[in-house]
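S.K.: Per full-length UniProt numbering: the sequence shown = residues 1 to 171.
Note that the Cβ used here is the ideal one computed from N, Cα and C, for glycine as well.
Every value quoted in this text rests on a predicted model; they were computed, and no experiment measured them.
To start, I am sharing the structure in question, which I have written as structure tokens.
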Amino acid sequence: MDIQLRQATKEQIDTIMNVYIRCKHDLDEKGLLQWNDQYPSRDYFKEEMDNGNLYVLMVDGEVAGSATLNEWQSPEWSEVPWELRNEWVIHALFLDPLQQGNGLGTIFMKKCEELAGEKGYESIRLDACSRNTGANSLYEKLGYEYRGSVYFTSKPEGHQEYRCYEKAVTL
Numbered sequence: 001m002d003i004q005l006r007q008a009t010k011e012q013i014d015t016i017m018n019v020y021i022r023c024k025h026d027l028d029e030k031g032l033l034q035w036n037d038q039y040p041s042r043d044y045f046k047e048e049m050d051n052g053n054l055y056v057l058m059v060d061g062e063v064a065g066s067a068t069l070n071e072w073q074s075p076e077w078s079e080v081p082w083e084l085r086n087e088w089v090i091h092a093l094f095l096d097p098l099q100q101g102n103g104l105g106t107i108f109m110k111k112c113e114e115l116a117g118e119k120g121y122e123s124i125r126l127d128a129c130s131r132n133t134g135a136n137s138l139y140e141k142l143g144y145e146y147r148g149s150v151y152f153t154s155k156p157e158g159h160q161e162y163r164c165y166e167k168a169v170t171l
């Protein structure tokens with residue numbers, strides 16, 4: 001199996017959207033209302049792609065997932081007692097439900113960590129919906145440290161708590 005993390009290209013936007021929609025439907029069916037029509041959206045993905053921040057996980061030449069990797073941090077994170085510096089941030093990470101359950105989530109995260117190290121970052125930060133136990137357990141299993149929770153009032157009631165994590169990047 002050939003697995004690579006690459007910057008997304010304009011030709012991939014429709015495929016990224018198709019995979020994202022499958023993920024959103026899967027999360028919605030599980031009662032995880034973490035994404036809506038405003039975020040992430042096609043415009044969001046296009047803007048991040050134009051800025052060079054949108055990456056795709058390619059498995060045997062096909063888009064299996066996507067993530068935005070950049071330095072932007074949500075204002076809600078300002079109260080979190082972060083311990084590490086020189087951080088890269090993961091946003092809107094998703095893996096095709098058709099590809100889940102075979103270790104690709106772990107590989108995807110490790111590829112993000114490797115790329116962060118190659119780019120000179122010393123740590124990675126991210127958040128995950130507190131109700132998304134699968135994502136939270138994956139991050140904790142991979143050594144991400146829980147630093148506190150934030151609340152996004154833009155999310156539906158009962159779905160506003162997000163757990164914040166960080167991990168040192170090692171080369």
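(1) Could you tell me whether the Cβ atoms of residue 56 and residue 99 are closer together than 8 Å?
(2) Got a sec? Which residues, its chain only, sit under 7 Å from residue 97 by beta carbon, not counting five neighbours each side?
(3) For residue 1, count the other beta carbons within 10 Å of its own beta carbon; 16 or more makes it buried, fewer makes it exposed. Which is it?
(4) Below 8 Å on the Cβ atoms is my contact criterion, and I expect residue 77 with residue 166 to pass it. Report the Cβ-Cβ distance as a whole number of Å.
(5) Using only the alpha-carbon positions, how far apart do residue 69 and residue 53 sit?
(6) Can you give the Cα-Cα distance for residue 46 and residue 10, rounded to whole angstroms?
(7) My understanding is that residue 80 touches residue 164, with C-beta atoms under 8 Å, so please give their C-beta distance in whole angstroms.
(8) Comparing C-alpha positions only, which one of 122, 135, 12, 63 sits nearest to residue 85?
(9) How would you label residue 125, buried or exposed, when you count the other beta carbons within 10 angstroms and need 16 or more for buried?
(10) Buried or exposed: where does residue 6 fall if 16 or more other Cβ atoms within 10 Å of its Cβ makes it buried?
(11) Give the single residue among 4, 41, 30, 3 whose Cα lies nearest to the Cα of residue 19.
(12) Express the C-alpha separation of residue 87 and residue 176 in angstroms, rounding to a whole number.
(13) Which one of 168, 131, 50, 127 has the shortest CA to CA distance from residue 148?
(14) Taking C-beta to C-beta, are residue 170 and residue 138 nearer than 8 Å?
M.R.: Taking the structure as given:
(1) Residue mapping note: residue 56 aligns to position 56 of the sequence shown, counting from 1. Residue mapping note: residue 99 aligns to position 99 of the sequence shown, counting from 1. Taking a C-beta distance under 8 Å as the contact criterion, residue 56 and residue 99 do not qualify as a contact pair.
(2) Your numbering for residue 97 matches position 97 in the sequence shown. Closer than 7 Å at the Cβ level, and outside the excluded window around residue 97, lie 22, 23, 26.
(3) Stepping through the sequence shown from its first residue, residue 1 is reached at position 1. The residue in question, residue 1, is exposed, as its Cβ has fewer than 16 Cβ neighbours within 10 Å.
(4) Here residue 77 corresponds to residue number 77 of the sequence shown, with the count starting at 1. Here residue 166 corresponds to residue number 166 of the sequence shown, with the count starting at 1. Going by Cβ atoms, the distance from residue 77 to residue 166 rounds to 10 Å, so no, they are not a contact pair.
(5) Numbered from 1 along the sequence shown, position 69 holds the residue referred to as residue 69. Numbered from 1 along the sequence shown, position 53 holds the residue referred to as residue 53. Cα-Cα distance, rounded: 5 Å.
(6) By 1-based counting over the sequence shown, the position of residue 46 is 46. By 1-based counting over the sequence shown, the position of residue 10 is 10. Computed Cα separation, rounded: 8 Å.
(7) Sequence index remark: in the sequence shown, residue 80 carries index 80 (1-based). Sequence index remark: in the sequence shown, residue 164 carries index 164 (1-based). Residue 164 and residue 80 do touch by the CB rule: their CB atoms are close to 5 Å apart, below 8 Å.
(8) On the sequence shown, residue 85 is found 85 positions in, with the first residue counted as 1. Taking residue 85 as reference, the option from 122, 135, 12, 63 with the minimal CA-CA separation is 122.
(9) Your numbering for residue 125 matches position 125 in the sequence shown. Counting Cβ neighbours within 10 Å, residue 125 comes out buried, since at least 16 surround it.
(10) Here residue 6 refers to the residue found at position 6 of the sequence shown. Looking at its Cβ environment, which holds fewer than 16 other Cβ atoms inside 10 Å, residue 6 is exposed.
(11) Taking the first residue of the sequence shown as 1, we reach residue 19 at position 19. Closest in C-alpha terms to residue 19, from the list 4, 41, 30, 3, comes 41.
(12) Outside the modelled stretch of the chain, which goes from 1 to 171, sits residue 176, for which no answer is possible.
(13) Here residue 148 is taken as the residue at index 148 of the sequence shown, counted from 1. Out of 168, 131, 50, 127, 127 has the C-alpha closest to the C-alpha of residue 148.
(14) For the purposes of this step, residue 170 is taken as residue 170 along the sequence shown, with counting starting at 1. For the purposes of this step, residue 138 is taken as residue 138 along the sequence shown, with counting starting at 1. The answer is no: Cβ separation not under 8 Å.
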